[in-house]
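Trainee:
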Amino acid sequence: MRMDSLTLLMRDARACTRCAGALPQAPRPVFQLHASARLLIAAQAPGRKVHDTGIPFNDASGERLRDWLGLTHEVFYDSRRVAILPMGFCFPGSGASGDLPPRRECAAAWRAPLLAHLKQLRLTLAIGRYAIAYHLPRSRGPLTDTVRAWRTHAPGCIALPHPSPRNNGWFKHNPWFESELLPALRQRVARALATP
Ligand code: SF4
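Residue numbers (the numbering used here): 3 to 198.
1) Kindly confirm or deny that the region 65 to 79 and the region 15 to 32 touch, where touching means at least three C-beta pairs closer than 8 angstroms.
2) Taking only heavy atoms of the ligand SF4 into account, decide whether any of them is closer than 7 angstroms to the Cβ of Phe78.
3) Under a three-way DSSP split, which group does Ala17 fall into?
4) Is any non-hydrogen atom of the ligand SF4 found closer than 7 angstroms to the C-beta of Pro88, if you look at the structure I gave you?
5) Taking all protein chains shown into account, do 16 or more other C-beta atoms lie within 10 angstroms of the C-beta of Asp147, making it buried, or fewer, making it exposed?
6) Name all residues in chain order for which at least one heavy atom of the ligand SF4 lies closer than 5 angstroms to the residue's CB.
7) Any beta carbon from chain C within less than 8 angstroms of Gly95's own beta carbon?
8) Is it buried or exposed for Asn60, if we count other Cβ within 10 angstroms and need 16 for buried?
9) Just verifying my parser: in three-state terms, what is the DSSP assignment at Gln189?
10) Any contact between the region 102 to 122 and the region 30 to 47? By contact I mean 3 or more CB pairs, one from each, below 8 angstroms.
11) Return the CA-CA distance between Gly97 and Pro198, expressed in angstroms with no decimal places.
12) Measuring CB to CB, does Gln46 end up less than 8 angstroms from Pro115?
13) Please classify Trp112 as buried or exposed, where buried requires at least 16 neighbouring CB atoms within 10 angstroms.
14) Please classify Val32: does DSSP put it in a helix, a strand, or coil?
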């Protein structure tokens, strides 16, 4: 059976070893997508636990993110509805203050061509500063200011902080995020997924 171009591209991306020499272990690209996806979760890069399991957001960050979005595991991991495409597909390793930045090689080599196949997207969630810089390039300045200005963004994109437990202090100092943004976020996610 002949594979379509997206399936071929995904197969090649999953076999990528482009920056093998710079990674702490063998490359293991982790992402999910399907041409019919309505919601794009654009995040940073897999952490160690995600690398070990090969399942995106299979960690404490994912638990919090699913709660933010009001999504069950079943819907979250349904690639026909939800695409999960980090800025870097492989765990980049850790530094003194957390995980290293996503590998730059990924964006041009894989993300852009994969994104071009997602023509049914209704909403993109740009999570963390790397994804925000890519999907909302006009949003410069501190992340808090960008997230807080969510009402002014293009209707198809919302900037979010990373749901990592490392950001617990940020959530505590920014209660508007939970009281104002999250209810609107859940509504927009539900609307995007309900779009025929
Ligand atoms: S991070 Fe991206 S470019 Fe680098 S090896 Fe993994 S899939 Fe390839």
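Positions of the beta carbon are idealized from the N, C-alpha and C atoms, including for glycine.
Mentor: On the basis of the supplied data:
1) no
2) no
3) coil
4) no
5) exposed
6) Cys18, Arg20, Cys21, Pro29, Pro31, Gly90, Phe91, Cys92, Arg105, Glu107 and Cys108
7) Judged by its chain identifiers, the structure shown contains no chain C, having just a single protein chain.
8) buried
9) helix
10) yes
11) 44 angstroms
12) no
13) buried
14) coil
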